[in-house]
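Residue numbers (our numbering), protein chains in the order written: chain P, 2 to 281; chain Y, 29 to 314; chain X, 15 to 284.
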Amino acid sequence: MMHVLGLLFPPGLLTAPFMQNAWISGSAVAILSALVGFFAVLRGATFVAHAVPRASFAGAAGAALVGGDTLLGLGIFSAISALGIAFLTSRRDRGQITALVLAAALGLGALFLALGDAYAPQVYALLFGQIVGISRADVLGILGLTGLTAAAVAVLYRPLLFVSVAPDVAEARGVSRHRFNVLFLLLVALSATAAVPVVGALLSFSLMVGPAAAASYFGRSPASALWLSVAIGLVSVWLALVLAYDTGMPVGFFVAVVTAAFYGLGRLWALTADPLADAA
Amino acid sequence: MALLTLVRDLLQTPAVATALWIGSIVAVVSGCAGVFTVVRGQSFAGHALGDVGSTGAAAAYLTAVQPLYGFLGIGLLGGLAIDRLGNRARERDVATGIVLSLTMGLSALLLFLITEQTSATGGPLSILFGSIFTVAPAVTLPVELFSLLALGLLAVLYRPLVFASLSPETARARGVRVGLVGTLFMVALVIAVEESSLVAGALLSTALLIGPAAAAVNWTRQIGHTLALSAFLGVAAVVLGIVLSYESYFWPPLHRGWPVSFFIVMLVLVEYIASRLWRRRREATA
Amino acid sequence: MKGLELPRADQTILDLEGVRVELGGKVVLRDIDVALRRGELVGVIGPNGAGKSTLLKVILGFIRPSAGAVRFAQGQRAGRGAIGYVPQSFSPDPDLPLRARDLVALGIDGDRWGFSLGGARRRAAVDEALAWVDALSYAEQPVGRLSGGELQRLLVAQALIAEPDTLLLDEPLANLDLRSQDEIVGLVGRVAHERGVTVMLVTHDMNPILGVMDRLLYLAGGRAALGTPDEVVRAEVLGALYGHHVDVLRVHGRILVVGAAEVESLTCEA
């Protein structure tokens with residue numbers, strides 16, 4: 002028994018400084034992504050949750066081209082793409098504006114990369130992240146942005162929930178569908194800016210969609226689904242960190258697999274709870 | 029006329045000639061599949077399949093299989109998973125996100141294994157940002173065949189697909205097997221997206237799938253016209269983009285050639301914005 | 015609750031004066047002069063495209079009239095729950111993590127910033143609203159698993175919990191079976207007559223609500239006629255609205271409006 006535990010929790014997993022940073026920032030990103038992901042899943046807006054962080058790459062490439070700050074570049078491009086999606090989307094639109102805004106940003110990114118001399122692995126790192134290469138300063142930064150996002154979610158919670166589940170009634174009560182779509186997209190942009198430079202777009206997207214989607218099957222009320230998605234996100238990240246440390250394989254892979262497994266469990270749970278629901 | 033002579037000159041260069049030919053084929057297939065993608069509200073799936081396919085490319089790289097089959101194989105698996113897992117709009121959106129997240133995680137693993145094995149990062153990156161100028165000659169024939177297959181599939185499906193896409197309930201009542209039609213369309217969509225991902229990169233596959241189709245939907249009222257215009261707009265963007273990219277080698281101050289994907293994306297966007305403006309004017313005068 | 019304040023039938027709660035609405039250059043409503051009294055149930059009836067939903071949107075403030083004014087009784091304003099609204103379509107996904115009681119609770123303060131901290135008083139208020147619409151038995155069920163009639167009750171409860179002066183219902187009877195229709199009609203009648211809430215109920219078939227309806231607002235050709243069913247549903251009144259001759263038939267206690275030129279479209283309308 003001790004032998005198995007020793008294999009699962011080898012020395013350094015909790016004590017090595019770079020692992021401590023990974024634990025803290027991974028947990029922060031899990032919380033941040035689950036909070037925003039809850040609304041993304043509720044609104045059926047996972048495309049946006051994928052597109053805004055990806056579009057922000059162009060900002061990083063642009064920053065590299067002009068020698069600016071990467072975080073600033075990411076922030077500007079994620080905000081621009083979020084606002085672009087919010088203001089160009091018409092009501093009958095079902096995702097094509099998101100696709101086109103993303104394509105435009107990636108096209109610009111390709112141009113910036115070609116014109117500048119950006120070191121290609123930097124882009125690679127933004128996509129897949131290097132959670133074990135995080136510095137203390139990065140940890141403080143992501144903790145700050147996580148706190149900011151959590152505060153924003155706390156302020157927006159009630160009206161955003163209202164307009165997401167019953168838009169017509171909410172609109173009659175003065176909760177503007179359009180205004181809250183803009184606010185939601187800015188929330189996605191904020192979390193993208195916080196998460197992408199630290200853990201990569203992939204990991205942050207997995208943590209945004211998987212836990213919240215699973216929680217929507219297990220949770221009965223909005224509040225319980227929200228807390229469950231935070232819990233599932235944290236468990237996923239912790240499990241992935243242990244497995245990645247043990248095997249030396251990428252954290253992003255394990256996070257994707259574990260969150261997808263939670264989602265699969267949720268689908269099965271829904272089937273057993275009401276076998277007629279999906280047949281209908 | 030100047031453009032025509034320019035294109036004639038370009039055709040003398042084999043790499044450019046191949047790029048023009050393959051690019052146009054891919055644009056036609058994407059343009060046609062894209063119209064249904066837009067009408068059916070499957071833009072996210074259409075985009076996700078591009079990323080999903082690059083996972084297959086990484087797997088193919090690792091196992092020394094022809095990349096096209098890597099793209100198509102994983103693309104088909106991902107596409108069918110998206111199709112089976114989502115019935116309602118919101119559920120389909122979330123399922124697409126899960127499939128995308130899972131395959132990108134797999135991508136991370138495969139790229140890690142590739143760098144472990146070969147200690148090279150260039151290979152996997154060219155998968156993510158493929159270039160139309162470096163299409164391998166061996167790919168030309170399979171791409172042509174698969175394009176024919178996709179267009180054939182769309183032609184066979186045409187009437188039930190139009191019916192099922194525009195009014196699924198009525199179609200179901202009239203005996204159209206809406207689920208089956210959707211699944212077969214997904215196969216055509218996978219072929220369209222994966223071959224354009226292969227020859228032009230995942231970025232361009234989204235632009236070519238959604239842009240010309242969304243523009244054509246704004247400009248036309250009859251689905252036959254929409255398909256034709258969408259294919260034409262796609263080919264126009266590809267040809268003009270390649271010409272501009274070729275020309276940009278001579279542009280000051282860098283003289284290093286701007287990426288072709290940038291030009292094609294921007295041309296597609298210009299087409300779309302023009303269609304939006306045109307539509308707004310028409311609605312204002314109506 | 016507001017029921018303590020005795021409904022005064024003569025008090026005007028909502029006043030539309032010369033309202034005119036143009037959408038996309040087309041006149042949808044013209045010269046609408048309507049004054050609604052406290053605690054009355056008004057059925058809004060008319061053929062498709064007559065502007066029934068548009069009228070509700072004008073009252074809700076979604077659409078600004080190009081002429082005329084919408085006035086609420088003294089001290090009242092739109093928004094913040096003064097007007098309850100039950101929209102035409104509400105079909106939540108089965109996997110939405112939202113119970114019946116959560117949906118109703120949003121009616122209390124769903125439009126306020128921040129989050130609410132539960133509490134016994136909130137719970138009691140939600141229970142009371144659920145009991146009022148006879149929905150306590152499915153209070154803990156996910157909304158995505160409820161029937162159309164059950165959802166309508168919840169939406170009524172959600173509106174009532176904010177203690178509105180006016181309740182607007184857009185086609186609440188569509189897609190309901192006859193029994194559910196009767197139940198909703200009975201419920202809406204109690205909302206008006208027991209709680210003193212002014213109710214406007216849009217429907218394309220007036221027959222199910224004949225028993226509870228105080229007055230009828232008939233819309234056709236962008237114009238409106240308001241009065242008791244007997245005053246409004248007469249060949250000469252409706253003929254003037256439609257701009258051509260129509261016949262009004264009474265068959266087995268049901269009313270049919272038959273337009274000579276458009277028999278098809280009108281018989282099924284009213």
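Each residue gets a CB set at the ideal place from its N, CA and C atoms; glycine is no exception.
How close, in whole Å, do the beta carbons of residue i and residue j come, if the pair is a contact with beta carbons under 8 angstroms?
{"i": "Val189/Y", "j": "Gly74/Y", "result": "Checking the sequence, you will find Leu at residue 189/Y rather than Val. Going by Cβ atoms, the distance from Leu189/Y to Gly74/Y rounds to 15 angstroms, so no, they are not a contact pair."}
{"i": "Ile53/Y", "j": "Ser175/Y", "result": "5 angstroms"}
{"i": "Ala190/P", "j": "Ser26/P", "result": "Not quite, the Cβ-Cβ distance comes to about 19 angstroms (not below 8 angstroms), so this is no contact."}
{"i": "Ala183/Y", "j": "Ala192/Y", "result": "Their Cβ separation, rounded to whole angstroms, is 16 angstroms, which puts Ala183/Y and Ala192/Y out of contact at 8 angstroms."}
{"i": "Ile269/X", "j": "Val262/X", "result": "7 angstroms"}
{"i": "Tyr274/Y", "j": "Val44/Y", "result": "6 angstroms"}
{"i": "Asp125/X", "j": "Val176/P", "result": "5 angstroms"}
Hey, would you say residue i sits closer than 7 angstroms to residue j, going by beta carbons?
{"i": "Leu182/X", "j": "Met214/X", "result": "yes"}
{"i": "Tyr1/P", "j": "Ile126/Y", "result": "Limits of chain P in this structure are 2 at one end and 281 at the other, which puts residue 1/P out of reach."}
{"i": "Thr150/P", "j": "Ser217/P", "result": "no"}
{"i": "Asp232/X", "j": "Val246/X", "result": "One point to set straight first is that residue 232/X is Tyr, not Asp, in the sequence displayed. Their beta carbons are under 7 angstroms apart, which means Tyr232/X touches Val246/X by this criterion."}
{"i": "Ala23/P", "j": "Ile143/P", "result": "no"}
{"i": "Val238/P", "j": "Ala31/P", "result": "yes"}
{"i": "Arg112/Y", "j": "Gly45/P", "result": "no"}
{"i": "Val122/Y", "j": "Thr47/P", "result": "yes"}
{"i": "Arg178/P", "j": "Glu172/P", "result": "yes"}
{"i": "Ile27/X", "j": "Ala87/X", "result": "yes"}
{"i": "Gly220/P", "j": "Ala214/P", "result": "no"}
{"i": "Leu36/P", "j": "Val154/P", "result": "yes"}
{"i": "Ala230/Y", "j": "Ser82/Y", "result": "yes"}
{"i": "Pro223/P", "j": "Leu162/P", "result": "yes"}
{"i": "Ala85/Y", "j": "Phe99/Y", "result": "yes"}
{"i": "Thr71/P", "j": "Ala62/P", "result": "no"}
{"i": "Gly53/X", "j": "Ala249/X", "result": "no"}
Assign residue i to buried or exposed, taking buried as 16 or more other Cβ atoms, counted over all protein chains shown, within 10 Å of its Cβ.
{"i": "Ala29/P", "result": "buried"}
{"i": "Glu299/Y", "result": "buried"}
{"i": "Asn246/Y", "result": "buried"}
{"i": "Pro186/X", "result": "buried"}
{"i": "Phe277/Y", "result": "Position check: residue 277/Y holds Tyr in this sequence, whereas Phe was assumed. It counts as exposed."}
{"i": "Phe10/P", "result": "exposed"}
{"i": "Phe19/P", "result": "exposed"}
{"i": "Leu48/Y", "result": "buried"}
{"i": "Lys40/X", "result": "exposed"}
{"i": "His51/P", "result": "buried"}
{"i": "Trp127/X", "result": "exposed"}
{"i": "Pro222/X", "result": "buried"}
{"i": "Gln70/Y", "result": "buried"}
{"i": "Arg310/Y", "result": "exposed"}
{"i": "Val66/Y", "result": "buried"}
{"i": "Leu194/Y", "result": "exposed"}
Are there any heavy atoms of the ligand PLP lying less than 6 angstroms away from the beta-carbon of residue i, as far as the coordinates show?
{"i": "Val200/P", "result": "With respect to the ligand PLP, the structure offers nothing, as it holds no ligand at all."}
Would you say residue i lies against chain A (beta-carbon separation less than 7 angstroms)?
{"i": "Arg116/Y", "result": "Chain labels in this structure do not include chain A; the protein chains are P, Y and X."}
For this session: Could you name each continuous alpha helix (DSSP H) segment of 4 residues or more that falls completely within the segment 52-98 of chain P, going from the start of the chain to the end?
Result: 58-67 and 71-89
Exercise. Taking one C-beta from the segment 224-238 of chain X and one from the segment 33-51 of chain X each time, how about it: are there three or more such pairs within less than 8 angstroms?
Worked result: yes
Exercise. With a cut-off of 8 angstroms, do at least 3 Cβ pairs link the segment 241-254 of chain P to the segment 224-233 of chain P?
Worked result: no
Exercise. Can you list, in chain order, the stretches of the alpha helix (DSSP H) that have 4 or more residues and sit fully within the segment 171-243 of chain X?
Worked result: 192-207
Exercise. Below 8 angstroms, can you find three or more Cβ-Cβ pairs linking the segment 169-176 of chain X to the segment 107-122 of chain X?
Worked result: yes
Exercise. How about the segment 249-264 of chain P and the segment 198-208 of chain P: do they share at least three Cβ pairs that are nearer than 8 angstroms?
Worked result: yes
Problem set entry | At least 3 beta-carbon pairs within less than 8 angstroms: the segment 235-255 of chain Y vs the segment 53-72 of chain Y | yes
For this session: Determine contact between the segment 285-293 of chain Y and the segment 260-276 of chain Y, defined as no fewer than three beta-carbon pairs at a distance below 8 angstroms.
Result: yes
Problem set entry | Cβ contact check for the segment 42-56 of chain P and the segment 193-207 of chain P: 3 or more pairs under 8 angstroms | yes
For this session: Examine the Cβ distances between the segment 65-79 of chain X and the segment 135-150 of chain X and report whether three or more of them are shorter than 8 angstroms.
Result: no
Exercise. Counting Cβ pairs closer than 8 angstroms, one from the segment 197-215 of chain X and one from the segment 53-71 of chain X, do we hit at least three?
Worked result: yes
For this session: Count the CB pairs spanning the segment 69-89 of chain P and the segment 98-107 of chain P that are closer than 8 angstroms, and state whether there are at least three.
Result: yes
Exercise. Is it true that the segment 129-139 of chain Y meets the segment 87-107 of chain Y, where meeting means three or more beta-carbon pairs spaced less than 8 angstroms apart?
Worked result: yes
Exercise. If we count Cβ pairs, one from each stretch, closer than 8 angstroms, do we get three or more for the segment 176-192 of chain P versus the segment 71-88 of chain P?
Worked result: yes
For this session: Determine contact between the segment 150-158 of chain X and the segment 104-112 of chain X, defined as no fewer than three beta-carbon pairs at a distance below 8 angstroms.
Result: yes
Problem set entry | Inter-stretch contact (C-beta, 8 angstroms, three-pair minimum) for the segment 203-210 of chain Y and the segment 65-76 of chain P | no
For this session: Report yes or no: do the segment 31-43 of chain Y and the segment 78-96 of chain Y share at least 3 C-beta pairs separated by less than 8 angstroms?
Result: no
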